[in-house]
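Residue numbers (the UniProt record's numbering): 1 to 87. Backbone N, C-alpha and C define an ideal beta-carbon position, used for all residues, glycine too. Working notes, structure below.
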């Protein structure tokens, strides 16, 4: 029996749904600003989010970003909000 290759799964910090890693956007906190990491190479602790404004709103309402990045205080998500608003 061949099982094939394992597919990496990640959980969206907004809706908390476990999804294939390639369907999610990796985010990194850089000096208090949440930055999208399209290539997955930025240093630091990452969090994953569906590229959907509804998931971003859920994550902000649940205060998921400081927990996911293990940082205290508020984080600026305006750059991410603008990026998700574009089609």
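Residue 36: member of the beta strand (DSSP E) spanning 33-36, first to last residue. Excluding five sequence positions before and after residue 12, the CB atoms of its chain that fall closer than 7 angstroms to its own CB belong to 19, 24, 48, 49, 50 and 55, given in chain order. Less than 9 angstroms divides the Cβ of residue 35 from the Cβ of residue 42.
For residue 17, there are no CB contacts under 6 angstroms within the same chain when 5 residues up- and downstream are skipped. Counting along the chain, residue 25 sits inside the beta strand (DSSP E) bounded by residues 25-30.
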